[in-house]
Amino acid sequence: MEGSTCVVIDILRASTTITKALVEGASKIHIAGSADEAFALKESLGGNVLLCGERNGLIIPGFDLGNSPLEYNKETVGGRTLVFASTNGSKTLLSCKEAYDIIVGGFVNLSAVVDELARAESAVLVCSGKLGRFSSEDAVCAGMIIDRLSSKQIKIELASDTAWNAFWLFERFISNPEETLEKTEHAVYLARELGMVDDVAICTAFDLFNVVPRFAKGVVTI
């Protein structure tokens, strides 16, 4: 990843939640790899810090907010410092911390991410997945980023079979987007088992925000 812009993609839901929190006025978001790390970070930071995140889709006991982007508005997070820990997205961000430049991408800020990558020398698209497994929604987003860059007449060289698979899955998505996204394993779990239908809807909406969150030294800002 040296010299590359690294895009961390966790459609359901960390990419969306982090982006919306910053749009709604959160000053910064410290990333933790676990609940215990989050509690320790809050104690070390002091002040009026909010603990945010989830495990297996549900708010962690003792936390202030979960991982639903709908919880994050100016009233709840405006001007606040957040500590965020999630099952997949926060761990993926931390795993990329040695990269040259790290940004958070999703459907909700897709065009802004593509514009950013159009200026980069090279890019690495990192799909968070779910519990170490493949997630279709993350791969579709990666494939869409590749397609958008290609449409800007930017020379694209896909360096792995994984990148090709993401692009091919995106091509399948074009013919039936609702089925592709709403029937993915994680979307079904959130919507049917946890009743978070509205979360799935906002996380799969395009270009709601024109911002690119950046992760550096353990903190995400815009």
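In the working numbering, the protein residues as written are 7 to 228.
Every residue, glycine too, gets a C-beta built ideally from N, C-alpha and C.
Can you tell me which of the three DSSP states residue 90 falls into?
Mapped onto the sequence shown, residue 90 falls at position 84. DSSP places residue 90 in strand when its eight states are reduced to three.
Span of the alpha helix (DSSP H) holding residue 154?
Numbered from 1 along the sequence shown, position 148 holds the residue referred to as residue 154. Where residue 154 is concerned, the enclosing alpha helix (DSSP H) stretches over 142-157.
Leaving out the 5 sequence neighbours to the left and right, which residues in its chain are closer than 8 Å to residue 206 when beta-carbon positions are compared?
For the purposes of this step, residue 206 is taken as residue 200 along the sequence shown, with counting starting at 1. Hits under 8 Å: 18, 187, 188, 193, 196, 197.
Looking at C-alpha atoms only, which residue of 145, 88, 132, 100 is the closest neighbour of residue 14?
Here residue 14 is taken as the residue at index 8 of the sequence shown, counted from 1. Ranking the options by Cα distance to residue 14, first place goes to 132.
What's the C-alpha gap between residue 87 and residue 226?
By one-based count along the sequence shown, residue 87 stands at place 81. By one-based count along the sequence shown, residue 226 stands at place 220. Taking the straight line from one Cα to the other gives about 10 Å.
Work out the CA separation of residue 154 and residue 91 for me, nearest whole Å.
Here residue 91 corresponds to residue number 85 of the sequence shown, with the count starting at 1. Here residue 154 corresponds to residue number 148 of the sequence shown, with the count starting at 1. Taking the straight line joining both Cα atoms gives about 30 Å.
Just to confirm, is the Cβ distance from residue 218 to residue 208 under 8 Å?
Mapped onto the sequence shown, residue 218 falls at position 212. Mapped onto the sequence shown, residue 208 falls at position 202. No, they are not a contact pair.
Could you tell me which whole alpha helix (DSSP H) segments of length 4 or greater appear in the stretch 185-228?
Listed in chain order, they are 191-194, 203-209.
How should residue 62 be labelled, buried or exposed, when 16 other C-beta atoms within 10 angstroms of its C-beta is the threshold for buried?
Residue numbering aside, residue 62 sits at position 56 when the sequence shown is read from its first letter. Looking at its Cβ environment, which holds fewer than 16 other Cβ atoms inside 10 Å, residue 62 is exposed.
Restricting to runs no shorter than 3 residues, where is the beta strand (DSSP E) found entirely within the stretch 21-45?
List check, beta strand (DSSP E) in window: 34-37.
With a threshold of 7 Å on Cβ separation, who are the neighbours of residue 82 within its own chain once the five nearest residues in sequence on each side are excluded?
Along the sequence shown, read from residue 1 onward, the residue named residue 82 stands at position 76. For residue 82, where only same-chain residues beyond five positions count, the Cβ hits under 7 Å are 71.
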